[in-house]
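Before any comments, here is the structure.
In our numbering, the protein residues as written are 2 to 460.
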């Protein structure tokens with residue numbers, strides 16, 4: 002009955018504020034915030050970059066193809082050969098050269114052989130790596146690990162963003178619930194004020210009693226003003242993080258930018274289940290987190306980096322083919338060739354040995370981090386479970402306190418009407434009830450926050 006009453010009061014409050022009230026649920030805020038977080042957008046771009054690196058690594062499997070073209074024209078022939086260039090500069094060579102030049106002059110041909118005065122060529126080349134020390138295979142595996150790591154980091158950012166939105170959302174809901182508590186207290190004081198004024202008119206109460214009630218109303222109004230201001234600020238922080246437009250001046254509000262007080266968050270702080278309904282074994286919960294998988298990926302990445310470093314010291318084998326058409330000497334013609342390449346690094350072995358030692362130390366460090374932080378994740382899951390159970394027990398205690406405070410307020414009200422207690426005692430009983438209700442709201446929100454953090458490990 003209490004939940005039904007609170008829901009009806011909330012609906013009446015919403016309808017009485019404005020005909021243009023905007024009601025938002027937690028899912029509405031989460032959907033709106035999905036694309037607003039800068040950290041989430043950055044992680045999504047990191048995922049796209051990781052996919053690009055994986056595509057880049059996969060292309061290493063395919064042959065590299067290039068097209069080249071060359072044209073030249075020299076001032077002097079690049080090749081200019083005479084008889085003495087072939088036979089040397091001996092006496093016999095000079096005699097043969099002189100005779101050859103005489104024949105050239107007689108029959109009209111050049112006594113010098115010249116070539117490569119001008120030329121052009123165009124070719125297509127293809128190079129296919131056969132063995133690269135395992136760097137192509139390990140490079141592709143490392144790129145795949147990078148894609149998975151980027152997605153896990155995106156999952157972390159989305160989880161943190163959702164958790165922040167949930168906390169801000171329920172904080173605003175708790176303030177709205179406290180506003181309804183103040184509203185009920187105002188109704189009780191209004192009714193008590195009428196009774197006290199009537200009693201004072203009949204001589205059954207003193208003017209100080211009326212003043213005491215009026216003072217309590219002013220104190221309640223002061224708390225209401227502070228609560229409204231705090232609610233606006235908390236609501237503004239939530240809407241800004243969720244990327245929802247709002248306006249702080251009613252006269253400037255519109256359909257797309259509603260006034261801040263016309264935005265109402267729908268949620269029942271008491272619609273909760275016991276912790277046992279959410280329990281997951283600590284080891285299973287820790288192993289399913291993104292952090293646990295990222296630690297494993299770090300170990301695997303260090304091992305692959307070590308293998309790639311070793312591949313730089315191993316021989317590389319490749320085959321290629323080239324086909325072109327052009328003119329260098331004589332008439333233009335086409336030509337092609339096949340070739341193989343073997344490269345054996347020799348001078349870098351000492352450097353590679355030092356690099357291998359460094360990478361092995363980093364791999365062992367990653368193994369140690371995985372073991373240590375894995376235990377920390379289990380401890381974190383256990384701690385969150387203990388906090389969740391404590392928050393649930395505290396919520397049950399405050400719920401019982403409301404029942405006791407309500408009964409005390411009822412009995413004190415009956416005693417006051419019968420003249421068996423003072424007005425101060427009645428006001429104190431009403432204050433105790435309001436404090437108990439506010440404390441229960443705080444405990445419900447604390448349980449929701451603890452539950453959100455515990456469930457975030459399962460996302």
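Glycine residues also receive a C-beta, built at the ideal position from the N, C-alpha and C atoms.
Just so you know, these numbers come straight off a predicted model, no measurement behind them.
Does residue 441 pass the burial test, meaning 16 or more other C-beta atoms within 10 Å, or should it be called exposed? Walking along the chain shown from the start, residue 441 turns up at place 440. By the 10 Å Cβ count, residue 441 comes out buried.
Identify whether residue 280 lies in helix, strand or coil by the three-state DSSP scheme. Along the chain shown, read from residue 1 onward, the residue named residue 280 stands at position 279. Three-state DSSP puts residue 280 in coil, outside helix and strand.
With a cut-off of 8 Å on the beta carbons, I'd call residue 447 and residue 392 a contact; round off their distance for me. Stepping through the chain shown from its first residue, residue 447 is reached at position 446. Stepping through the chain shown from its first residue, residue 392 is reached at position 391. Between the beta-carbon of residue 447 and that of residue 392 there is about 5 Å, and that keeps the pair under the 8 Å contact cut.
According to the neighbour-count rule (16 or more other Cβ atoms, all chains shown, within 10 Å of its Cβ), is residue 147 buried or exposed? Locating residue 147 in the chain shown gives position 146, counting from the first residue. By the neighbour-count rule (16 or more Cβ atoms within 10 Å), residue 147 is buried.
Are the CB atoms of residue 162 and residue 38 within a distance shorter than 8 Å? As a working mapping, residue 38 is identified with position 37 in the chain shown. As a working mapping, residue 162 is identified with position 161 in the chain shown. Contact check for residue 38 against residue 162 passes: the beta carbons are separated by less than 8 Å.
Could you give the DSSP three-state label for residue 422: helix, strand or coil? In the chain shown, the residue the question calls residue 422 occupies position 421. Residue 422: coil per DSSP, three-state reduction.
For residue 275, the three-state DSSP class (helix, strand or coil): Taking the chain shown and counting its residues from 1, one reaches residue 275 at position 274. Coil.
My output table needs one value for residue 249: the three-state DSSP class, helix, strand or coil. Within the chain shown, the letter at position 248 stands for residue 249. In the structure shown, residue 249 sits in coil (DSSP, three-state: anything other than H, G, I, E or B).
Where the beta strand (DSSP E) containing residue 85 begins and where it ends: Position 84 of the chain shown, counting from 1, holds the residue named residue 85. Per DSSP, residue 85 belongs to no beta strand (DSSP E); it is in the alpha helix (DSSP H), 84–88.
Residue 69, DSSP secondary structure in three states: Mapped onto the chain shown, residue 69 falls at position 68. Here residue 69 sits in strand by DSSP.
What did DSSP end up calling residue 115 once you bin it into helix, strand or coil? Taking the chain shown and counting its residues from 1, one reaches residue 115 at position 114. Residue state, collapsed to three classes: strand.
Any alpha helix (DSSP H) of 4 or more consecutive residues that is wholly inside the stretch 182–256: Scanning the stretch 182–256 from its first residue to its last, the whole alpha helix (DSSP H) runs of 4-plus residues come out as 208–243.
CA nearest to the CA of residue 79, picked from 68, 119 and 87: Position 78 of the chain shown, counting from 1, holds the residue named residue 79. Closest option to residue 79, judged by alpha-carbon separation, among 68, 119 and 87: 119.
Need the endpoints of the beta strand (DSSP E) that residue 41 sits in, please. Here residue 41 is taken as the residue at index 40 of the chain shown, counted from 1. Note, residue 41: premise wrong, no beta strand (DSSP E); alpha helix (DSSP H) at 39–59.
Just tell me which of 67, 84, 165 and 90 has its CA closest to the CA of residue 105. Looking up residue 105 in the chain shown gives position 104. Ranking 67, 84, 165 and 90 by Cα distance to residue 105 puts 84 first.
8 Å contact criterion, which residue 251 and residue 265 should meet: CB distance rounded: Reading the chain shown from its first residue, position 250 is the one you call residue 251. Reading the chain shown from its first residue, position 264 is the one you call residue 265. Rounded, the Cβ-Cβ distance is 15 Å, inconsistent with contact.
Whole angstroms are fine: how far does the CA of residue 310 sit from the CA of residue 126? Looking up residue 126 in the chain shown gives position 125. Looking up residue 310 in the chain shown gives position 309. A direct Cα-to-Cα measurement between residue 126 and residue 310 gives close to 29 Å.
Please classify residue 126: does DSSP put it in a helix, a strand, or coil? What you label residue 126 is simply residue 125 of the chain shown in a count that begins at 1. Reduced to three states, the DSSP call for residue 126 is strand.
Just to confirm before moving on: does the CB-CB distance between residue 306 and residue 360 stay below 8 Å? Along the chain shown, read from residue 1 onward, the residue named residue 306 stands at position 305. Along the chain shown, read from residue 1 onward, the residue named residue 360 stands at position 359. Judged by their CB atoms, residue 306 and residue 360 are nearer to each other than the 8 Å cut-off.
Label residue 99 either buried or exposed according to how many other C-beta atoms from any shown protein chain fall within 10 Å of its C-beta, with 16 as the threshold for buried. For this step, residue 99 is matched to residue 98 along the chain shown. Here residue 99 is exposed. Its C-beta has fewer than 16 other C-beta atoms within 10 Å.
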